[in-house]
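Q: Using our numbering, read the sequence shown as starting at 26 and increasing by one per residue. Can you keep this structure in mind? I'll have questions shortly.
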Amino acid sequence: MEFVRTKLIVRLLLYFLLLSIIPLGIVGYMSYESGQESMVDQVKSHLESVAIIKEQEIDNWITHLSHTTDWLTNDTDVRADVTILTTHPVDAPAYLAAHQSLNEAFRGITNLNDLSPTMLIDNKTGEVIASSDGDWEGKLKGNEPYFINGRNGIYVSDIYHSLSLGQPTMVIAAPVKDDNGQLAGVIACHANMDILSEIMLEWTGLGETGETFLVNKYNLLITDTVFAPDGAFNKWIFGDGATWALEGRNGSGEFVDYRGKPVVGAYRWIENRELALIAKQDRAEALSSVTDLRNLIIGVTIGVALIIILFSVMLGRTVTRPLHRLVDGAREVGRGNLDYQLKEQGRDEIGLLTVSFNIMVQNLKETTSSRDELDKEVGERKLAEEKLEEAMSTLSNILQTVPIGISVSTPDGQIIESNSTTVQIFGYDSRDEFMSQKAERYYYDAGDRERFIELLRNQGYVRGFEIQLKRKDGTVFCGSVSSVKQTGQDGSVQFVNSFIDITERKQAELSLMEIQTNISDLIENSIDGILIADATGKHIFSNNRMCEITGYEYDEFMDMTIKEMTPPEDLKKYKEMYDKRLRGEEVPNHYERPIIRKDGRIILVELRTTTTIWKGEKCALAFMTDITERKKTEGELIRTMEDLERSNRELEQFAYVVSHDLQEPLRMVASYVQLLEKRYKDQLDQDANDFINFATDGAIRMQLMINDILEYSRVGTKGREFKSINLNSVLSKALANLESQIQEHGAIITGDDLPQVFVDEIQMVQLFQNLIGNAIKFRGEEIPRILITATEDNFEWVISIKDNGIGIPQEFRDKIFAVFRKLHAIGQYPGSGIGLAIAAKIVERHSGRIWVESEPGEGSTFYFAIPKIGR
């Protein structure tokens with residue numbers, strides 16, 4: 026008997042444990058999993074709503090800025106000020122007043138509407154002529170996209186990092202017309218990007234770890250975040266959420282964020298801004314309530330198990346006696362006696378079991394649930410149906426307003442549903458008109474459509490299929506089509522399709538490919554070597570010219586570091602410069618340094634260096650020019666200049682010798698010959714007197730020739746500094762020096778207004794004096810008439826001096842500029858024949874040229890040309 030009791034207690038204990046703990050564990054586990062899934066769905070739904078709201082707030086903010094800019098361009102006072110600024114001189118009182126008025130208006134609108142700065146760009150010049158920030162005035166913005174596009178209507182730029190502002194910005198531009206309705210300029214306003222960050226940083230309802238932020242198409246974070254307060258334009262985001270959004274997808278899910286933590290998030294692709302919007306919350310926080318539920322279930326299960334063990338032991342001691350009565354009662358009820366009742370056995374567990382038995386019997390007599398409970402159930406179901414209908418209405422409204430075309434079609438191509446965006450994409454006037462056509466009508470190429478249908482049949486879905494589509498008017502455009510097959514409960518098949526017009530994107534891709542090709546060609550054909558190295562000095566990019574300079578093959582060069590090309594004695598110096606540059610410290614960006622070629626030769630190169638971002642890391646960028654030969658040439662030029670300077674000093678010494686040592690004995694000879702003539706003229710015969718005259722005349726001519734040689738040598742060695750001189754004043758001084766000759770021969774000198782040039786004034790006076798003096802000297806029988814003109818020819822001024830003198834024979838034209846070249850017998854015309862040689866020497870010193878056109882008996886025209894810009 027004791028064995029039976031013990032066995033029953035154990036069996037009761039096991040049964041209670043099995044019947045209570047296992048179901049409780051299963052229910053707890055299912056509750057935990059269901060709660061976790063429900064909570065994740067709830068958080069995802071909430072985050073999707075947050076993302077939609079954030080997108081709408083961004084659109085509202087940009088729309089507000091656009092309306093503000095449009096209102097500013099149409100303001101009567103602003104248009105009046107713009108008319109004055111574009112039609113009056115800058116020093117006019119009206120201009121100054123309008124400028125002050127417009128700037129005050131700009132500053133006022135800037136302070137009220139989160140715009141900074143606001144400026145007016147002149148339509149004709151592209152110059153900023155008014156601005157809320159005076160530093161912008163005078164800058165040229167004619168090539169900026171917001172100026173070019175803003176002339177045609179309201180234009181909102183992408184978000185970018187402005188070098189002028191030194192911070193991220195977005196520009197809203199609109200055309201402004203003058204009082205006559207003509208385009209006068211463009212008003213451009215820079216948005217305050219702190220407002221955008223404030224919009225995204227508002228995380229009410231997202232808990233402690235929730236946040237929203239924006240990422241551009243280059244994975245660059247463009248707004249600050251809760252965990253990266255200074256991350257805008259400084260941090261790249263490569264998480265799954267950002268990647269899915271940048272692929273043009275909208276949705277929600279669980280993924281790892283940029284901190285490496287698992288999160289629940291929603292992601293959206295803002296097509297018109299080319300931005301990815303991410304709303305997320307740490308998974309741990311999102312599921313914190315479910316985690317608490319799990320812990321509670323575990324605790325309750327353990328507690329119940331302990332209680333059951335205790336109660337089972339107690340029940341085992343008292344259950345055997347009334348057990349037979351309970352079995353008998355159960356048999357009685359089993360025979361159909363539903364009025365059978367057990368006598369209560371106290372208020373302990375057995376008594377409760379008895380009461381429960383009696384209640385069970387009583388419940389068997391009861392029928393189904395009461396009418397009130399049934400009505401309640403029906404009401405709840407009706408309420409659920411109403412909510413479902415409301416959700417379906419909301420979904421329909423969303424589908425009609427999304428910027429993606431959506432339609433539903435049957436396998437035979439009949440369209441049974443579409444949204445308004447689809448109608449707009451294909452150029453139809455109404456949904457009914459669009460849906461009246463078969464689906465094949467919208468495909469340009471039947472072969473493309475067959476490939477699309479084949480993929481859809483094989484896979485059951487097609488995503489992002491790029492194909493040429495056709496609008497109502499027959500125009501062809503490039504579209505991205507996605508479709509999924511759905512089978513109804515009745516077995517019917519439908520296809521849900523989406524359409525995106527990607528014509529502009531494809532054109533942009535082609536333009537980007539062309540730009541990349543051009544940049545690649547420029548880099549490869551550059552005369553400079555181009556190198557990018559990482560923080561360790563490892564080569565990560567190079568063009569072919571860099572390999573030519575260093576003598577390495579491309580693969581060899583890319584396996585090297587900068588250290589391997591640096592002479593050992595310079596290694597420490599250039600390593601410090603390299604590290605400082607990458608740290609952002611100030612170091613020379615343009616300098617010369619030696620490098621070691623592959624063949625061991627050390628060459629000198631010129632480096633122009635800066636920093637750049639390569640695959641998310643800060644790297645060094647260098648442009649290298651081999652200046653070894655140039656340096657060698659510069660050295661040779663320096664030596665040549667030193668030789669020239671030495672030659673000039675020797676020439677000056679020679680001139681001194683000629684001026685003093687050579688002329689002294691010549692003067693002595695001339696003096697004594699003249700003394701012989703004076704004392705012994707009457708004592709000598711005629712031949713002796715003729716000889717003395719010949720000697721005197723020769724000495725005088727010799728003195729003149731020596732003086733002319735000195736004058737000729739001084740042109741190159743005694744020249745003065747070049748200055749900006751008006752040739753009219755030079756001509757006046759030359760004519761003043763020749764005044765006695767002009768009056769003596771009645772010469773008539775006329776001419777044009779002469780230009781401003783960069784010359785040696787004294788030598789230029791001598792040049793005019795020599796050429797005009799020659800025109801008077803070699804005159805004909807008529808009164809000398811001299812015409813002086815100036816002609817502008819490309820990069821030089823050509824001065825001509827035309828006379829009506831005796832002219833120059835053809836065979837002597839190339840010889841007249843030589844030293845002591847005379848075309849006539851000695852004594853026929855005064856002078857030694859060096860005047861034109863000096864003129865040529867002066868023109869040569871001015872980097873010019875001189876020539877003559879002449880015919881015997883018809884006069885001569887001397888030309889000389891000098892550069893417009895002085896040396």
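Cβ coordinates follow ideal geometry from the N, Cα and C atoms, glycine included. Just so it is clear, the structure is predicted and the values come from calculations on it, not from any experiment.
(1) Are there 16 or more other CB atoms within 10 angstroms of the CB of MET907, so buried, or fewer, so exposed?
(2) Near VAL518, which residues of its chain fall below 6 Å by C-beta distance, leaving aside the five closest residues on each side in sequence?
(3) By DSSP, does VAL698 sit in helix, in strand, or in coil?
(4) Going by the DSSP bridge assignment, what does MET590 pair with across the sheet?
(5) For LYS706, collect the residues of the same chain with a Cβ closer than 8 Å to its Cβ; drop the 5 residues on either side in sequence, then sort them by chain order.
(6) Run the CB neighbour count on SER885, radius 10 Å, all protein chains shown included, and call it buried at 16 or more, exposed below.
(7) Ignoring anything shorter than 3 residues or poking outside the segment 264-299, list the beta strand (DSSP E) runs there in chain order.
(8) How many Å lie between LEU221 and LYS643 at the Cα?
(9) Return yes when the Cβ of ILE831 is within less than 8 Å of the Cβ of ILE841, no when it is not.
(10) Look at THR653 and ILE620 and say whether their C-beta atoms are less than 8 Å apart.
(11) Tell me which same chain residues have a C-beta within less than 8 Å of the C-beta of ASN241, skipping the five on either side of it?
(12) Give the straight-line distance between the Cα atoms of ARG874 and PHE889, rounded to the nearest whole angstrom.
(13) Relative to the alpha-carbon of GLU549, which residue among GLU573, SER536, MET538, GLY860 has its alpha-carbon at the smallest distance?
(14) With DSSP run on the structure shown, which of helix, strand or coil describes ALA155?
(15) Quick one: Cα of LYS79 to Cα of ASN275, how far?
(16) What span of residues does the beta strand (DSSP E) with LYS598 cover, start to end?
(17) For VAL630, which option in ILE808, LYS605, LEU607, ILE555 has the closest C-alpha, if you only look at C-alpha atoms?
(18) Below 8 Å between beta carbons: does that hold for VAL201 and VAL103?
(19) Considering VAL490, what are the terminal residues of the alpha helix (DSSP H) in which it resides?
(20) Since MET144 is in the beta strand (DSSP E), which residue starts that stretch and which ends it?
(21) Would you check if there are 3 or more beta carbon pairs closer than 8 Å linking the segment 496-513 to the segment 451-458?
(22) Can you look up THR93 in the DSSP assignment and give me helix, strand or coil?
(23) For HIS849, which residues from the same chain have a beta carbon less than 6 Å from its beta carbon, with the 5 sequence-adjacent residues on both sides left out?
(24) If we require 4 or more residues per run, which alpha helix (DSSP H) segments fall completely within the segment 739-823?
(25) Could you tell me whether the Cβ atoms of ASP785 and PHE820 are closer together than 8 Å?
(26) Could you name the residues of the same chain whose beta carbon sits closer than 6 Å to that of ASP473, not counting the 5 residues immediately before and after it, in chain order?
(27) If you drop the 5 nearest sequence neighbours on each side, which residues of the same chain put their C-beta closer than 8 Å to that of PHE172?
(28) Quick check on the burial criterion: 16 or more other C-beta atoms within 10 angstroms. Buried or exposed for THR111?
(29) Classify LEU596: buried if its beta carbon has 16 or more other beta carbons within 10 angstroms, exposed otherwise.
(30) Skipping 5 residues on each side, what residues in its chain have a beta carbon closer than 6 Å to that of SER157?
(31) Please list the segments of the alpha helix (DSSP H) lying wholly inside the segment 179-265, counting only runs of 4 or more residues, in order along the chain.
(32) Taking the alpha helix (DSSP H) that THR528 falls in, what are its first and last residues?
(33) From the DSSP output, in three-state form, read off TYR888 for me.
(34) Apply the 10 Å Cβ neighbour rule to SER70 and answer buried if 16 or more other Cβ atoms are within range, or exposed otherwise.
(35) At which residues does the alpha helix (DSSP H) containing ASP580 begin and terminate?
(36) So, are the CB atoms of ALA800 and ILE811 less than 8 Å apart?
A: If we stick to the structure as given:
(1) For residue 907 there is no data in the structure shown, the boundaries of the chain being 26 and 896.
(2) Looking up residue 518 in the sequence shown gives position 493. Same-chain partners within the cutoff: PRO436, THR512.
(3) The residue labelled residue 698 in the question sits at position 673 within the sequence shown. Helix, per DSSP.
(4) The residue given as residue 590 occupies position 565 in the sequence shown. Among the bridge pairs identified by DSSP, MET590 is matched with none.
(5) Stepping through the sequence shown from its first residue, residue 706 is reached at position 681. If the five residues before and after LYS706 are omitted, its C-beta is found closer than 8 Å to the C-beta atoms of ASN714, ILE717, all from its own chain and listed in chain order.
(6) Your numbering for residue 885 matches position 860 in the sequence shown. In summary, SER885 is buried, with 16 or more beta-carbon neighbours lying within 10 Å of its beta-carbon over all protein chains present.
(7) Correct list: 276-281, 287-295.
(8) Reading the sequence shown from its first residue, position 196 is the one you call residue 221. Reading the sequence shown from its first residue, position 618 is the one you call residue 643. Spanning the two alpha carbons is a distance of roughly 27 Å.
(9) Within the sequence shown, residue 841 is the residue found at index 816, counting from 1. Within the sequence shown, residue 831 is the residue found at index 806, counting from 1. Not a contact, by the Cβ cut-off of 8 Å.
(10) Within the sequence shown, the letter at position 628 stands for residue 653. Within the sequence shown, the letter at position 595 stands for residue 620. The answer is no: Cβ separation not under 8 Å.
(11) Counting from 1 along the sequence shown, the entry for residue 241 is found at position 216. Closer than 8 Å at the Cβ level, and outside the excluded window around ASN241, lie ASP183, ILE184, ILE247, GLU299, LEU300, ALA301.
(12) Start at 1 with the first residue of the sequence shown, and residue 874 comes out as number 849. Start at 1 with the first residue of the sequence shown, and residue 889 comes out as number 864. Answer to the nearest angstrom: the Cα atoms are 6 Å apart.
(13) Counting from one through the sequence shown, the residue named residue 549 turns up at place 524. When the alpha-carbon of GLU549 is set against those of GLU573, SER536, MET538, GLY860, the nearest one is in GLU573.
(14) As a working mapping, residue 155 is identified with position 130 in the sequence shown. Looking at ALA155 - three-state DSSP - the assignment turns out to be strand.
(15) As a working mapping, residue 79 is identified with position 54 in the sequence shown. As a working mapping, residue 275 is identified with position 250 in the sequence shown. Cα to Cα, LYS79 sits roughly 14 Å from ASN275.
(16) The residue given as residue 598 occupies position 573 in the sequence shown. Per DSSP, LYS598 belongs to no beta strand (DSSP E); it is in the alpha helix (DSSP H), 596-608.
(17) Within the sequence shown, residue 630 is the residue found at index 605, counting from 1. When only C-alpha atoms are compared, the closest one is ILE555.
(18) By one-based count along the sequence shown, residue 201 stands at place 176. By one-based count along the sequence shown, residue 103 stands at place 78. It is a contact, given that the beta carbons lie within the stated cut-off.
(19) Indexing the sequence shown from 1 puts residue 490 at position 465. Sequence check: residue 490 is Phe here, not Val. Unbroken run through PHE490 is the beta strand (DSSP E), 486-495; no alpha helix (DSSP H).
(20) On the sequence shown, position 119 is the one that residue 144 refers to. For MET144, the enclosing beta strand (DSSP E) has its first and last residue at 140-147.
(21) The answer is yes - the segment 451-458 touches the segment 496-513, with three or more Cβ pairs under 8 Å.
(22) Locating residue 93 in the sequence shown gives position 68, where the first residue counts as 1. DSSP places THR93 within a helical segment (H, G or I) once states are collapsed to three.
(23) Counting from one through the sequence shown, the residue named residue 849 turns up at place 824. Any reading at HIS849 needs caution, since the residue's pLDDT is 45, under 50, leaving its predicted position unreliable; the model's value is listed next. Nothing listed; no residue qualifies.
(24) The segment 739-823 is shown to contain whole alpha helix (DSSP H) runs of 4 or more residues at 752-762, 764-770, 786-802, in chain order.
(25) Here the question's residue 785 lines up with position 760 in the sequence shown. Here the question's residue 820 lines up with position 795 in the sequence shown. In this structure, the beta-carbon distance from ASP785 to PHE820 does not fall below 8 Å.
(26) Translated into positions along the sequence shown, residue 473 becomes position 448. Excluding the 5 residues flanking it on each side, ASP473 has same chain C-beta neighbours closer than 6 Å at ILE492, in chain order.
(27) Within the sequence shown, numbered from 1, the residue matching residue 172 stands at position 147. In its chain, beyond the 5 residues on either side, ILE146, GLY151, LYS166, ALA198, VAL211, ALA213 have a beta carbon closer than 8 Å to the beta carbon of PHE172.
(28) Against the sequence shown, residue 111 aligns to sequence position 86. Within a 10 Å sphere around the beta-carbon of THR111 sit 16 or more other beta-carbons, which makes this residue buried.
(29) As a first step, residue 596 is located in the sequence shown; it is residue number 571 there, counting from the start. The C-beta of LEU596 has fewer than 16 other C-beta atoms within 10 Å across all chains shown, which makes the residue exposed.
(30) For the purposes of this step, residue 157 is taken as residue 132 along the sequence shown, with counting starting at 1. For SER157, the CB contacts under 6 Å within the same chain, skipping 5 residues up- and downstream, are PHE131, ARG132, THR135, PRO142, THR143 in chain order.
(31) Counting only runs of 4 or more, we get 218-226.
(32) Reading the sequence shown from its first residue, position 503 is the one you call residue 528. Note, THR528: alpha helix (DSSP H), 528-549.
(33) Numbered from 1 along the sequence shown, position 863 holds the residue referred to as residue 888. The answer is strand: DSSP assigns TYR888 an E or B state.
(34) On the sequence shown, position 45 is the one that residue 70 refers to. Classification for SER70: exposed.
(35) The residue given as residue 580 occupies position 555 in the sequence shown. Here the alpha helix (DSSP H) through ASP580 covers 579-583.
(36) The residue labelled residue 800 in the question sits at position 775 within the sequence shown. The residue labelled residue 811 in the question sits at position 786 within the sequence shown. In this structure, ALA800 places its C-beta atom within 8 Å of the C-beta atom of ILE811.
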